[in-house]
Amino acid sequence: MNVPAKLGLYGLGLAVALSAAVGAGRLAGPLLPDPAAGEGSRNDHSTPVGQESSGTDHAPVGLQVSQNGYTLDLVEVPAEAGEEQRLAFRVLGSGGDPVTGFTESHGKPMHLIVVGRDMSGYRHVHPELAADGTWSVPMELDTPGVYRMFADFAPEGGDALTLGTDLQVPGDYAPQRLPEPTRTAEVDGYTVALDGGLVPGRTSELTFTVSKDGEPVTDLQPYLTAYGHLVALRDGDLAYLHVHPEGGPGDGATEPGPGISFQAEAPSAGDYRLFLDFKHGDQVRTVGFTVTAGANASTGDDGGTDHGEPAHTH
Ligand SMILES: [Cu+2]
Numbered sequence: 000m001n002v003p004a005k006l007g008l009y010g011l012g013l014a015v016a017l018s019a020a021v022g023a024g025r026l027a028g029p030l031l032p033d034p035a036a037g038e039g040s041r042n043d044h045s046t047p048v049g050q051e052s053s054g055t056d057h058a059p060v061g062l063q064v065s066q067n068g069y070t071l072d073l074v075e076v077p078a079e080a081g082e083e084q085r086l087a088f089r090v091l092g093s094g095g096d097p098v099t100g101f102t103e104s105h106g107k108p109m110h111l112i113v114v115g116r117d118m119s120g121y122r123h124v125h126p127e128l129a130a131d132g133t134w135s136v137p138m139e140l141d142t143p144g145v146y147r148m149f150a151d152f153a154p155e156g157g158d159a160l161t162l163g164t165d166l167q168v169p170g171d172y173a174p175q176r177l178p179e180p181t182r183t184a185e186v187d188g189y190t191v192a193l194d195g196g197l198v199p200g201r202t203s204e205l206t207f208t209v210s211k212d213g214e215p216v217t218d219l220q221p222y223l224t225a226y227g228h229l230v231a232l233r234d235g236d237l238a239y240l241h242v243h244p245e246g247g248p249g250d251g252a253t254e255p256g257p258g259i260s261f262q263a264e265a266p267s268a269g270d271y272r273l274f275l276d277f278k279h280g281d282q283v284r285t286v287g288f289t290v291t292a293g294a295n296a297s298t299g300d301d302g303g304t305d306h307g308e309p310a311h312t313h
């Protein structure tokens, strides 16, 4: 399996190429993940654009603790909920030594996502790297339970990778049900409306429109080299899709709101939880949406039921 060739299909830089390719109608692919492609990464970070994949791959990432010779090694996990504690980990190379060189992507060398196994308590933080290869960040987990942690990074000279592991925080655990699908979400007086939907096995556009007190927000601040940052997790296994906006600050074309558009591809039908980070008033805020792929949402097409339709850039 040619893993490197699979990378880069979902990148920021590729959005334009992808749209063009879709327009040309020369794409084809299956709707479901190739079972043989379980190790494939679709991460967009720091990946050369324009590589062609030799295979078919809708396999999501973040399901493995060790992949491509790199292993996620927990050093310290918050032992108690409700107070700030240290979360520390390392990335070990194939020889077992900690990796100390990382390539920045979207302005950071390491993106760390922590979310409850029940999809509650999402957070996206940027830990500090010590010289010995230990990443650490203060973290307060609100409730006991099982959390999923994703380390999204590119080792220096290597391909982008997302490794995942569970964090166990002891105590009484009351799992939350996945919230019902919605088209709007609110945070701190902001309302975010979602247009578009997820289509199994196909790239589709999601647009989030931000308003505050009924007025469109047109001065979003750049965050991680974009006007928004979106993570999509699949209900059931928390398979991880890391997608980024079409365009961004400084490209001369992208407005700083109220709309933020992304290209996203759901590997299968079913429910997903979308977490959008955006920055306004010098503060990063997060809203969550439950979206059902294959539910014939307002995607402007047939909802992905036609298996013969163009699907992706292979
Ligand atoms: Cu990040």
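Residues in the sequence shown are numbered consecutively from 0, following numbering that gives the first Met the number 0.
Each residue gets a CB set at the ideal place from its N, CA and C atoms; glycine is no exception.
Nothing here was measured: the structure is a model prediction, and the numbers come from that model.
- Glu-204 places its beta carbon less than 9 angstroms from that of Gln-262.
- If you keep only unbroken beta strand (DSSP E) runs of at least 3 residues inside the region 57 to 88, you get 69 to 75.
- According to the DSSP secondary-structure assignment, Tyr-146 is paired through a beta bridge with Gly-115, Leu-166.
- In this structure, Asp-151 has its CB closer than 8 angstroms to one or more heavy atoms of ligand 1.
- Lys-107 has its Cβ nearer than 8 angstroms to a heavy atom of ligand 1.
- Bridge pairing for Thr-202: Glu-264 [DSSP].
- Residue environment analysis places Arg-233 among the buried positions, since at least 16 neighbouring C-beta atoms fall within 10 angstroms of its C-beta.
- In the displayed model, Val-286 falls within a strand according to three-state DSSP.
- Under the three-state reduction of DSSP output, Ser-210 falls in the strand class.
- For the pair Thr-208 and Glu-254, the Cα-to-Cα distance works out to about 12 angstroms.
- When DSSP states are grouped into helix, strand and coil, Gly-258 belongs to the strand group.
- Rounded to the nearest whole angstrom, the C-alpha separation of Ser-135 and Ala-87 is 4 angstroms.
- Per DSSP, Ser-93 lies in no beta strand (DSSP E) and is assigned neither H nor E.
- Taking Thr-142 as the centre and dropping the five residues before and after it, the same chain places the C-beta of Ala-80 closer than 6 angstroms to its C-beta, in chain order.
- Using a cutoff of 8 angstroms, the CB of Leu-275 does not count as near ligand 1, since none of the ligand's heavy atoms is closer than that.
- One alpha carbon belongs to Val-145, the other to Gly-251, and they sit about 43 angstroms apart.
- Sequence-distant partners of Glu-83 (beyond 5 residues in either direction) whose C-beta falls short of 6 angstroms from its own C-beta, in its chain, are Pro-137, Glu-139.
- Looking at the DSSP output, Val-216 sits in no beta bridge, so it has no partner there.
- The residues Thr-142, Pro-143, Gly-144, Val-145, in chain order, have a CB closer than 8 angstroms to that of Tyr-172 in the same chain once the five nearest residues on each side in sequence are set aside.
- Short of 6 angstroms from the beta carbon of His-125, and not among the five residues preceding or following it, lie these beta carbons of its own chain, in chain order: Lys-107.
- Arg-176 is classed as exposed because its beta carbon has fewer than 16 other beta carbons within 10 Å across all chains shown.
- Three or more beta-carbon pairs separated by less than 8 angstroms link the region 150 to 160 to the region 102 to 116, which places the two stretches in contact.
- In this structure, Ala-184 places its C-beta atom within 9 angstroms of the C-beta atom of Gly-287.
- Annotation for Thr-133: Val-74, Ala-87, Phe-88, Arg-89, Pro-97 place their beta carbon closer than 8 angstroms to its own, counting only its chain and skipping 5 residues before and after.
- Annotated three-state conformation of Pro-178 is coil, per DSSP.
- By the CB criterion at 9 angstroms, Met-148 and Gly-170 fall outside the cutoff.
- If you draw a straight line from the Cα of Gly-100 to the Cα of Ala-129, it comes to about 11 angstroms.
- If you check the CB distance, Ser-267 and Gly-157 do not come in under 9 angstroms.
- Residue pairing for Tyr-222: DSSP places it in a beta bridge opposite Ala-225.
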